[in-house]
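Written below as structure tokens is the structure these notes are about.
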Amino acid sequence: MNRRNFLKTMGWGGAGAALTGCDLPTTITLEEGKEEVVSYLMPEEYVIPGVGVWYASTCTQCSAGCAIHGRVREGRVLKLEGNPEASLNNGKICMMGQAGVQGHYSPDRVTKPMVRNGDTLTETSWDNAMALLQEKLGAVSGDRFAWFTGTISGHQSALVSNHLDAMGSKQHYVHEVVNNSVSQAVNRDMFGEANPRVRIDKAAMVVSFGADFMGASLSPVHYAGQYAKFRTKKERGLLVQIESKMSLTGGSADLWLPIKPGTEGVLALGMANLLLNKIKVSDAGIPNGVRKLIDEYDISKVAKITGVAGHRIQRVAQLLTERSPSLVLAGPSVEGHAHGYASVAAVMMLNHILGNVGKTIESSGQFPFPQLMAKQGGTADLLAFAEAAKAEKLDAVVFYGSNPVYSAPKALELNEAMNKVGFKVAISQFMDETTEVADLVLPVASYLEDWGTQVPMQQSENSAIHVQQPLMEKLYEDSKGLGDILLSLLKQRNNDEYGKFEDYYAYLRNAFAAMPAAVKNNTTNNNEFWNNTLQKGVIDVASSGGKLKSTVVSFADPVSESANADGLTLVPSPRLGLYDGRHANLPWLQEAPDQISKVVWDSWAEMHPTTAEKLGISNLDLVEVSSAQGSVTLRVVLLKSMHVDAVAVPLGQGHEAYGRYAKGLGVNPLQILDATTDNKTGELAMYSTRVTVKSVGPADSLSIVRMGTGSGDSQAGRKLVATVPVEQLRRTEGS
Amino acid sequence: MVTEKDINEQIAWAKINTDVLESMENPRPAFWVTLAVCVAMVACAVLAEYIQYTEGMGTANLNNPHMWDMYIAAFVFWIGMSHSGTLLSAILHLIHADWRKPIYRFAEAMTTFSLLTAGLFPMIHLGRVWNLYWVLPYVSDRGHWPNFRSPLVWDAFAISTYLTASMLFLFVGMIPDLAICRDNTSGWRKKLYTVLSLGWVGSDRQWRHFRKIYLLMACFLIPLAVSVHSIVSADFAMSIMPGWHITSFPPYFVAGALYSGCAAIITLFILLRYFFRFEDYMTLAIMEKTCKLTFAIAMVWTYLNLIEFASIWYGHDMYNKELLIAKATGPYAPIFWTMIFCGSVLPFTLAFQKLRRHMPTMFVVSLFLNLGMFFERWMIVAPTLSMSQEPHQWDVMYGSIIEWAIVFGSFGWFGMLFLIFVKVFPSVSMYEVKEMVFHRKRSAGEEDLARMTDHSKPVTQTTGGEGA
Amino acid sequence: MSLDNILNHWSDYRKGSEEGGHHDYEHRWAMAINLDICNGCNACSTACYAENNLAVVGKERFEKGQAMHWLRIERYWDQQDKDYPEQGASFLPMMCQHCGSATCEPVCPVAATYHTPDGLNAQVYNRCIGSRYCSNNCPFRVRYFNFYSYYESAWPEPMEQQLNPDISVRDKGVMEKCTFCVQRIRTAKDKAKMEDREVQDGEVMTACAQACPTSAIVFGDTMDENSVVSKLWKKHQVERGVYAKTKLAKKDKDLRGYRIFEELNVDPSVMYLDRVREDI
Amino acid sequence: MSKKRIMGLFSDFEEAHDAIADIRRNAVPGLTVDNVTMTSPIEHPEVEEILGDRPVHIQKFTLFGAIFGVTFGFLFLSGAQATFLVQPQGGKAVIPLPSNFTLMYEMLIFFGVWFTFFAFLFLSGLLKKRSALYSEKVSLDQVAIIVEIDGSLDEPVKELFQKHKVLEIREEVVQ
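Residue numbers (the numbering used here), protein chains in the order written: chain A, 1 to 735; chain B, 736 to 1203; chain C, 1204 to 1483; chain D, 1484 to 1658.
If you want it as structure tokens, here you go:
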């Protein structure tokens, strides 16, 4: 095996691997990885009964990859906290991270491999399962085999790629409902990097077009940390949030501007117009076509299209020039339209005009191990997969970390498409909708029982690999770690290279031993490095400096094609908590009220009271939300934190499977989305579906009736949370 | 206008004995029907309580913020009901209003049994009732004491004192009658009365001491009764909650207690009069006096209500004022206005002689007066919890079927105990009716005698009490 | 002996909170919560569930108001007269305020809730008989009652393995509430004692303060003058005590620190800092 | 010489009154009013007057009970409070006078009532076996006069009773 191949096997392959390497250690003590049953009469040195010990690992509850500490006592992991060693999340984790233990201890886990037997899945042994895999996958080759995963990174990602290579396939569908794929495309085109480092903390003012950076975003904890700095620095940062449904981040805005759904690009052009024509900011680097487009959108036209008052636009544009450096962000509600690319481009162009690139948008540098970098998902792959499956182009697919059957709109006809896939393998912890239709179910260990490495998508200033180590023994003997399953699969194809690793632990130890010395602080003692790494949980890897360009690409007129159609625009808003639905089986998160609407354990439709009045709907009515693709029936909650032209149905509920906590609760708005796509990137235009809403009956609402003139929404004259003007803060606490 | 007599003085003493003793043996069938209904209600409540006991207090729909609800309202209601019996008996005794004599016995029994009913509610409502005794001050080797600052501990002291004192008052007053029973019955009743009459023979020494203890007890009971309901009001008044922390609560509670007690006396008066054919003793004249008294107390209660509203209104305490407005206009408004109607408007029926003398009307009215008083207690307990300082926890709550079953059952429980009591013990004080007849006759003088005998002839041969 | 005791300490025993009460405090744990950076994300609340064995009650019971969230995030809409909440939502993390003159304490009939020398308002589950008076008299409504035996359904196997063995699981009929993570305080104090030193600032972190992604919650000992919390309280001129004079002592009325329902004189241990908004 | 007790039953209260009045006027030598007991179905203050001044001492016990209740109450409560310093205070004093006064008030009445009651039982001669000289008619409508005399006075007493229209005379011999 040549060195290049070796590095690729070990996950260090790719452009950055020029770092100095190191020899494979001559002896590997595999014994160290063996799990032993230890009697508490003679506990291990580090296990003191009654005393909790904190171990480092990595959270995989979303794809942000925060480093965590898990408190282990008497062999059980009890509580997760952020790992302060990681500059990404600085010792913090979000509610989803906190609830990780519940997924681990869930009573609904798959405990045994299962194989399809007619309509049902029956338990089987690993030997049988692997034999079946050998047989089925052996018969497939090339692009008729595919992996279907969520965002995946680290050595697991490398092994998935390696397995695909071994199968001779290039089909890796990576699907995430909560994604920033369109922004990535724009960023790539305008700044040269898909995920440049966003520096909210450095900005004096942030204008966020629907970017819920502290909510369901790429790295909510990281951005929340930045936000805290942004707010507490000497000149308190100013946040303007422009969106159709108030997001968690919008709740914290100094100015929250409701905007007609799908017109964010127009508003951005209007601001550009003001900046260039009124405030006379230089238009250097703006292509002529774009310049022309900008000039078309004068303030009154923009105000009319977007529904945002002209003086507000002017004021924000004015402030953007006064508060420098600023930062303009675009979120999924900007992306999710047929003209999504154009809208995002228009928004991001403001950063160019305002000269933010390089100041608040930095290069995230060249991560030295591209093979480990996160393969980020979007919805384009879901569409591609549906198409390929429908065309019967897939004979075998392995599913992991994604639940396409749940999250694909009905319009994609994925159910039928799935039937046309020859052999479906689900590597899964739970019986979710996708797992239920699989032909072979492989129970995967929870992330708290498994080895792995994670590379966060959004890195902080110090790029790092986060190491995931088991915090306790496996709850179910018949579950296997993802890495172990991958190794088994690879061994079936390429036993020469992978046969020597008894398990994934052995593989990782080898991989760490093979890690370039520069990353290891030039230590040669691999055991020491390994131990230190496990202790710290984080390996700092210097990203070599990159530099962003600041250009503006040409983009089409971001005009909303359905702006004047009947009905309302459906906002399928993701929540920090249930996220895209993957956490619906965690009771803590079900019981945590939605941050804005305060609803628990259910779905709801969120509408502005004015809209509701027009439609004859009153608060808590049962309403039917219908699109061309179908309808869902649920309770309505009237909140003024909605634009009058939008109705939001949050993601996360409506599971038809997925265990006792998730099943049968609420509705899944993804089902009724149109299959419209972004013209440029082919991503699903998730925020553009038009719906009609009608009341179908009053809901049982006794428990929510409030007394008197006030309601739980109002402070009723008390001083519970008082709002003080920033001038007061400047006087008392400012510089 | 001829003043109607409270009682016919010509009634023979033997008839008094016979009538009352007869009542204990031979009530109308309606008595048994009522008793059966009461027992059935208790059975439902026992079932509900079993569910609540095994599953938890949540079955009563209690929640944060409604940690208390109808159980406490019912507790206050029953405590209040207990007031009239003893307090009226004691006050009327002190002021020598002898028309109390035919009715005080059952009124005092009502006191005792409504206390026994009230006493159930702290237990029913307690999350861990098996630890109830921790409220009592007993010496424990861990050095634990109850918290003497807590109005609930005051309750425990006050109610146990009141229960003791009112039961003793009832018992002491009944001793001469128990002796009569002893002398006129046989079998188990004889044994029971022999023990309970404590060897009463009616000697002058016994009567002298009896007179004294009765007076002393009455003197104790009046301040005690007032303090008990003040302390019950302290459960609320000592808190810092709007609608609870109100200075006028002690008198307000006492007035409300007397009010509901008087209304209950009217109800039971009519029932007993019918069950036991007591028309000769529980006369319309006495009924009228009771009704007038009830009316007076109703007006005191109304006044105190207005005082409370006014002091809240002009006090400008934000929390209190918004709560008052919410009571009158919010979701609980129907209950609030029913309370005002039943408590302040309906009593005006008592001002009309025609209505006062019409038993069915009075029966219904008295029930509605007490309905109003139950709502009053509930309007004190629940709305404050619904709408306290913290607006996030504002809520509206109505009790579950479990809670209703238990509250209804408490009426059954009270009725059951009361009906058993009046069946076993003389519900009209025989010796005192005799005294009443005796003294009235003496003071009426012989010259009136002829006129009076015209209008109601003695039913049987008079054998006694014909002093010259 | 008892009489001697009473006579000798009469003046001590007659001190109310106006004179500082009869407590020799070792610590006075307190919080400072900066509402300007609280974004209402619920991390604290979930961390509290994880740390304190809080039962999940399910949809029906939650809607009935029988939830057990010791730390809840209240969300208020100000500017109710406007068409849109242009200044966002107002979030308020609300947990037991550990009042110095707690109104829940004097009303408990069995002394199940009391003040510890740490300045905590402690709830003794074993002693509680469930009269629920404490909750009724709590202006913050932060006491939660075990209306059912929640544990029977909240932790189906193997979820019970997650339970924190440092604290108990409560059965029906018992009141419970935020303890300021007393088990963590205990651990830190024990450790400090073993090492023969004082507890350091930052050594004790409640689960919520630890979790808060924006570090809006700061926890510490106000008796330690150098603690972050002390400094914040001092900076915002919020003082302990119940009398108007301590409140009037606040010289700069524009400082953001305040305690909720200060007018009730309950002396809460949680200081909030006003939310700030730039009016544009 | 044996002692005797004679009971005369009267239906007319005035006659009974007069009979006692006669005894008081020494109508039967050697029989004083102190040896006379009257039993009656109702309270007869005016008949009892003639029996002379027979003091009642219950109120002293009542007073003692009340004082005991208050003192014991205060000492008990304060003692308990002073030895139970972990008790919840909520900013209140360890020995809070208002609540202690409230409880002392209750204890005053509690002990007062019990002392009164037991004094009554003790002083009024209850809880004794009834003598055979008891007529059930007394609980109905007749008054009985019971005199305790030497056997020799038997006849004069009966005569006196007869004079006042006695309905029935019973006697028993006392050792």
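Backbone N, C-alpha and C fix where the C-beta goes; we use that ideal spot for every residue, glycine too.
Taking DSSP's pairing of strands, which residues face residue i in a bridge?
i, result
"A/Phe145", "A/Ala396"
"A/Ala464", "A/Asp540"
"A/Ala605", "A/Val636"
"A/Asp621", "A/Pro698"
"C/Met1378", "C/Phe1348"
"B/Trp880", "In the DSSP output, where bridge partners are listed per residue, B/Trp880 has none listed."
"C/Val1233", "Val is not the amino acid found at residue 1233 of chain C; the sequence shown has Ala there. C/Ala1233 is bridged to C/Gly1423."
Hey, does residue i have any beta-carbon neighbour from chain B nearer than 8 Å?
i, result
"C/Tyr1336", "yes"
"A/Gln715", "yes"
"C/Ile1332", "yes"
"C/Arg1373", "no"
Just to confirm my understanding: we take residue i, look at its own chain, exclude 5 residues before and 5 after, and list those with CB closer than 8 Å. What are they?
i, result
"D/Lys1486", "Glu1631, Ile1632, Asp1633, Gly1634, Val1656, Val1657 and Gln1658"
"B/Val870", "Pro881, Leu887, Val888 and Ala891"
Within the 8 Å Cβ cut-off, does residue i reach chain C?
i, result
"D/Pro1581", "no"
"A/Gln468", "no"
"B/Met1034", "no"
"A/Lys719", "yes"
"A/Thr732", "yes"
Are the C-beta of residue i and some C-beta of chain D separated by less than 8 Å?
i, result
"C/Cys1299", "no"
"B/Gly878", "yes"
When burial is assigned at 16 or more other CB atoms within 10 Å of the CB, is residue i buried or exposed?
i, result
"B/Tyr806", "buried"
"A/Ser479", "buried"
"C/Asp1227", "exposed"
"D/Ile1578", "buried"
"B/Ile1136", "exposed"
"A/Gln241", "buried"
"B/Glu1111", "buried"
"B/Trp697", "Only positions 736 to 1203 of chain B appear in the structure, and residue 697 of chain B is not among them; the question remains open."
In chain order, what residues of the same chain have a beta carbon less than 7 Å from the beta carbon of residue i, not counting five sequence neighbours either side?
i, result
"B/Met1151", "Leu770, Cys773, Val774 and Val777"
"A/Ser703", "Residue placement at A/Ser703 is poorly supported in this model, since its pLDDT is 43, which falls under 50; the coordinates still yield a value, given next. Here the set comprises nothing."
"D/Thr1520", "Ile1629"
If I measure Cβ to Cβ from residue i and keep anything under 6 Å in the same chain, skipping five residues before and after, which residues do I get?
i, result
"A/Thr321", "Ile279"
"A/Lys520", "Phe529"
Beta-carbon of residue i versus every beta-carbon of chain A: anything under 8 Å?
i, result
"B/Pro1126", "yes"
"C/Met1234", "no"
"B/Met1053", "yes"
Sequence ranges, beta strand (DSSP E) only - wholly within the segment 1291-1326 of chain C, length at least 3:
1293-1297, 1316-1318 and 1324-1326
Curious, which full-length beta strand (DSSP E) runs of at least 3 residues does the segment 1386-1430 of chain C contain?
1420-1424
Which residue spans inside the segment 956-1035 of chain B form an unbroken alpha helix (DSSP H) run of at least 4?
984-1010
Runs of alpha helix (DSSP H) wholly within the segment 104-146 of chain A (minimum 4 residues, chain order):
126-138
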